Amino acid sequence: MQTPADPQDRHEYPSHWEADVVLRDGGTARIRPITVDDAERLVSFYEQVSDESKYYRFFAPYPRLSAKDVHRFTHHDFVDRVGLAATIGGEFIATVRYDRIGADGTPASAPADEAEVAFLVQDAHQGRGVASALLEHIAAVARERGIRRFAAEVLPANTKMIKVFMDAGYTQKRSFEDGVVRLEFDLEPTDRSLAVQRAREQRAEARSVRRLLAPGSVAVIGVGRAPGGVGRSVLGNLRDAGFTGRLHAVNQAFPDDLKEVDGVPAHRSVRDIDGPVDLAVVAVPAEHVPEVVTECGEHGVQGLVVLAAGYAESGPDGRERQRALVRQARTYGMRIIGPNAFGIINTAADVRLNASLAPEMPRPGRIGLFAQSGAIGIALLSRLHRRGGGVTGTTGVSTFVSSGNRADVSGNDVLQYWYDDPETDVVLMYLESIGNPRKFTRLARRTGAAKPLVVVQGAGQAPPGHAVRATRLPHATVSALLRQAGVIRVDTITELVDAGLLLARQPLPAGPRVAILGNSESLGLLTYDRCLAEGLRPARPLDLTTGASAADFHRALSRALADESCDAVVVTAIPTIGEGTVGDAELAEALRSAAEGVPGKPVLVVHVELGGLAEALSAAGRTAPQAAAPAPGGGGGGGAHPPPLSASLERGDPHRPAERLPTAVPAKLPYSRLIPAYPAAERAVRALAEAVKYAQWQREAAEPGKVPEFDDIDEQGAAELIGGLLERGEGLTIGVEETCRLLGKYGIDVHRALPAPTPDAAVAAARDLGYPVALKATAPHLRHRADLGGVRLDLADEEQLRRAYEELSELFGRPEELRPVVQRMAPRGVDTVVRAVIDPAAGAVVSFGLAGAASQLLGDMAHRLVPVTDRDATSLVRSIRTAPLLFGWRGSAPVDTPALEELLLRVSRLVDDHPEVVAVTLEPVVVARQGVSVLGATVRLAPPPARDDLGPRTLPAY
């Protein structure tokens with residue numbers, strides 16, 4: 000951190016302006032304010048800028064900076080004059096500054112809200128997106144200091160800088176006079192500027208991950224001289240996988256005359272390697288890592304995979320060691336996988352990278368796999384690789400990342416990469432925690448629109464060592480928000496693999512209608528019951544009997560797929576005994592060929608102790624080169640029962656070298672040639688149900704709802720009321736009258752509840768409101784607890800009211816303990832609760848459920864991110880398990896759900912328009928046959944939390 004020393008500086012050094020950013024090419028840079036200590040850096044930087052760039056900056060030849068220039072460019076008050084620098088290795092690579100100006104263009108102070116801005120980027124770093132990143136950050140600084148508009152004068156020949164301004168997405172004006180292009184643009188973020196910023200973020204972060212996963216050269220640092228050990232194992236894994244780039248073994252303890260280790264060039268230091276190193280796998284103890292990082296940074300290494308433990312997972316000292324590691328790596332523009340990582344894998348034929356502790360390279364395929372935990376990563380790779388244990392098939396992995404402590408590269412970064420990776424069709428993620436739910440849901444929504452994203456979410460805390468704000472939302476709420484964003488949420492790694500294999504192999508179902516056929520009536524009925532339990536619409540199972548032939552299966556499956564009332568087919572199969580029984584390979588081919596006839600519908604197989612069929616289904620869909628069939632009479636063993644078709648295609652000949660196994664798959668396999676098989680009906684049906692829900696979400700996402708406008712909303716009046724209330728202090732629950740006034744600005748009418756400290760006061764309140772009335776105890780232990788008897792309803796006159804008042808006093812104590820109120824009776828209906836809260840990490844969330852035990856005891860609440868659309872409101876009301884009570888359950892009258900949906904939309908608008916409204920609770924909300932009645936409301940105000948998603952791009956802070 001820098002500290003200003005000039006007494007003229009009016010503000011303390013703004014350390015919160017410091018940020019690490021990912022540049023367009025995937026490298027990183029640090030952005031920070033320029034201070035008086037930077038004079039030498041500034042001069043050195045300027046000397047490395049070309050004469051042409053200097054001319055563009057100053058509109059005249061300007062070979063060197065004078066002492067006066069250096070003083071002006073390093074002395075800032077951080078209000079009216081601000082300079083930022085982008086640095087790599089502590090040295091400047093670009094600068095930007097603004098100077099506040101008045102209407103006449105001369106230097107000014109607040110309340111002037113315009114500033115001139117100018118950039119200078121070192122020629123060697125032009126084209127890396129440095130200026131675009133600096134513009135985002137200097138604009139955020141300016142907005143913080145009350146500046147609303149930038150002006151820039153640019154020479155017409157400086158097309159690169161003009162493009163930076165024009166492409167930023169801000170509302171702008173352009174003029175030309177005296178040979179200079181003048182650009183003026185507002186700094187208020189627009190939909191276009193946010194879209195531009197997020198597109199740049201995606202490209203930069205995806206490229207930073209691509210540099211890690213597709214390196215041209217790899218150095219393993221910490222390779223032991225003797226076999227064994229982590230470094231030597233990783234080196235062997237890289238070599239055995241057939242890595243296509245250059246490979247180096249590094250250990251400072253190697254003797255000078257050692258030239259190779261296991262056929263790989265050996266070096267005592269990364270500095271001794273002739274040529275670039277793209278990726279370094281660091282397998283040395285934690286105490287030696289800083290020295291290694293320095294060597295890698297000075298050699299120009301682009302990224303690190305740090306396998307060493309002893310960081311944030313080990314306690315406070317390790318946490319500080321981890322922060323120092325990240326700061327050090329980012330100083331050199333490097334990104335980190337880890338520390339405490341298991342490693343990374345890329346099965347692409349032109350890469351073949353196994354920079355991990357996995358002893359075998361997984362089969363290549365279309366699934367991208369992310370796991371924070373190394374142990375879980377091993378389990379997932381094993382499940383996808385092996386052919387036993389139920390789920391089988393040839394679908395493999397495109398890329399795999401196990402991030403360990405994810406101190407730098409996180410699931411969000413890898414998701415950015417997989418979003419447009421042509422080699423990945425399905426993304427599977429095991430997340431112990433979600434450090435930035437707001438960003439993750441945004442990325443998940445975009446990714447889910449293009450390809451399935453399946454997640455197992457742990458209930459862990461934020462990653463150790465991170466300086467991100469943790470969410471305060473319950474685990475179940477975060478899960479619900481993930482589903483809203485299109486994430487396929489499952490509970491176990493078994494379900495993760497089950498769903499992933501189905502989604503990677505089969506088309507999405509068009510609906511929930513399921514045909515079931517097979518040779519076991521019992522298994523068919525079990526599958527039918529599971530379909531009902533998962534919310535699917537199964538037809539009665541078709542029993543082909545145990546004597547069914549492969550041709551019978553083929554005909555039945557063909558008919559089912561051709562039926563327009565069928566969206567998916569589950570085939571059940573059990574082994575049969577006797578002459579003429581169907582063989583595994585024969586049945587697999589029959590199913591494959593039938594499915595190929597109608598490729599647009601998914602087919603799943605449930606098999607019981609029929610391993611040969613599972614293997615045969617895999618083999619029937621395999622398109623890798625196959626061994627030639629033996630000549631008649633030669634070498635086939637002559638047996639009457641040949642081995643399963645997959646014996647040589649799936650697992651390979653045990654006597655054949657492993658490196659001769661097929662190592663690549665086509666870019667895209669036909670869906671129908673890869674039929675997934677499951678050992679249990681519940682697993683197959685659960686996977687199918689998730690596919691049905693995802694397909695429905697994808698269809699709805701293609702036509703998103705709208706946030707409706709309401710003519711009676713007084714947004715300005717609400718803002719003035721909120722501002723006046725916040726002047727009383729930071730963070731307050733406002734009073735009843737203020738709550739009613741604020742909600743009224745948004746068309747939300749709250750039934751008045753008049754205090755009744757005495758029986759006479761209760762009678763007076765009832766006269767004011769009009770009978771019939773309700774008498775309620777509002778003491779904290781009785782509020783919203785009608786089951787305790789603290790409420791009396793339908794009091795028609797004074798006599799009933801006084802008697803009820805006396806009963807409550809006898810039951811619960813004195814009036815000052817009861818805090819009784821009188822309220823006009825609302826029409827009878829269903830009691831519900833509506834809540835909204837602004838979470839510092841996830842953002843604003845609206846929740847809905849039935850009042851009472853359903854929400855409090857059972858947690859039956861549904862949630863949506865703000866802003867809520869009309870489609871969101873409709874689904875929100877119908878998402879709770881107790882929703883049938885709103886729609887005429889067991890002969891009751893349906894209630895006015897459109898009015899309830901409108902209330903949800905109005906609450907969403909309130910918290911979206913005014914982030915100072917950090918919490919709203921409406922309880923109870925009585926939904927009657929016509930209209931809704933809000934009987935209780937509380938509102939909490941506070942200064943709004945910072946919005947990371949509206950600010951400039953940054954990496955997590957350390």
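Residue numbers (numbering that gives the first Met the number 0): 0 to 957.
Note that the Cβ used here is the ideal one computed from N, Cα and C, for glycine as well.
Owing to the predicted nature of the structure, the values given are computational and were not obtained by experimental measurement.
Taking only the alpha-carbon atoms, compute the straight-line gap between residue i and residue j and give it to the nearest angstrom.
| i | j | result |
| --- | --- | --- |
| Val81 | Gly244 | 45 Å |
| Ala941 | Val836 | 12 Å |
| Met824 | Glu809 | 23 Å |
| Arg209 | Leu430 | 21 Å |
| Pro703 | Lys438 | 19 Å |
| Ala872 | Leu903 | 6 Å |
| Gln799 | Val876 | 37 Å |
| Gly128 | Val120 | 10 Å |
| Ala683 | Gly373 | 27 Å |
| Arg952 | Val408 | 15 Å |
| Ser519 | Val486 | 35 Å |
| Ala117 | Leu954 | 25 Å |
| Glu176 | Gln715 | 40 Å |
| Ile721 | Glu915 | 8 Å |
| Gly178 | Val153 | 9 Å |
| Asp911 | Pro866 | 6 Å |
Decide if residue i is buried, meaning its Cβ has at least 16 other Cβ atoms within 10 Å, or exposed.
| i | result |
| --- | --- |
| Lys450 | buried |
| Trp696 | buried |
| Lys172 | exposed |
| Ala59 | exposed |
| Glu900 | buried |
| Ala627 | Only weak support exists for where Ala627 lies, its pLDDT of 38 falling under 50; the value from the coordinates is given anyway. Answer is exposed; the Cβ neighbour count stays below 16. |
| Trp417 | buried |
| Phe57 | exposed |
Helix or strand or just coil, what does DSSP make of residue i?
| i | result |
| --- | --- |
| Arg827 | coil |
| Phe780 | As written in the sequence, residue 780 is His, which differs from the Phe given in the question. If DSSP states are grouped into helix, strand and coil, His780 belongs with coil. |
| Phe118 | strand |
| Val513 | strand |
| Ile335 | strand |
| Phe399 | strand |
| Gly113 | Per the sequence shown, residue 113 should be read as Glu rather than Gly. Residue state, collapsed to three classes: strand. |
| Glu958 | What is shown of the chain runs 0 to 957, which leaves residue 958 out entirely. |
| Met428 | strand |
| Lys172 | strand |
| Thr526 | helix |
For the alpha helix (DSSP H) that contains residue i, what are its first and last residues?
| i | result |
| --- | --- |
| Ser43 | Ala38 to Glu46 |
| Asn236 | Val229 to Ala240 |
| Val959 | Past the boundaries of the shown model lies residue 959; the chain is included only from 0 to 957, so the question cannot be answered. |
| Thr896 | Thr896 to Asp912 |
| Arg591 | Asp583 to Gly596 |
| Gln456 | Per DSSP, Gln456 belongs to no alpha helix (DSSP H); it is in the beta strand (DSSP E), Leu452 to Gln456. |
| Tyr693 | Ala680 to Ala701 |
| Tyr97 | That residue, Tyr97, is in no alpha helix (DSSP H); its beta strand (DSSP E) goes Glu90 to Ile100. |
| Val477 | His474 to Gln483 |
For the beta strand (DSSP E) that residue i lies in, which residues bound it at each end?
| i | result |
| --- | --- |
| His958 | Nothing about residue 958 can be reported from this structure: the residues present for the chain run from 0 to 957 only. |
| Ala345 | Per the sequence presented here, residue 345 reads as Asn, with Ala not at that position. Per DSSP, Asn345 belongs to the beta strand (DSSP E) from Gly342 to Asn345. |
| Ala936 | Ala936 to Leu940 |
| Gly364 | Pro363 to Ala370 |
| Asn353 | Leu352 to Ser355 |
| Phe847 | Gly842 to Leu849 |
| His862 | Met860 to Leu864 |
| His247 | Arg245 to Val249 |
| Asp19 | Ala18 to Val21 |
| Ser932 | Val931 to Val933 |
| Val180 | Val179 to Asp185 |
Are the segment 263-282 and the segment 226-241 touching, with three or more C-beta to C-beta distances below 8 Å? yes
Check whether the segment 559-577 and the segment 586-603 touch, using three or more Cβ-Cβ pairs below 8 Å as the test. yes
May I ask you to verify whether the segment 291-300 touches the segment 359-368, counting CB pairs closer than 8 Å and requiring at least 3? no
Should the segment 344-360 be regarded as contacting the segment 315-327, the criterion being three or more beta carbon pairs within less than 8 Å? no
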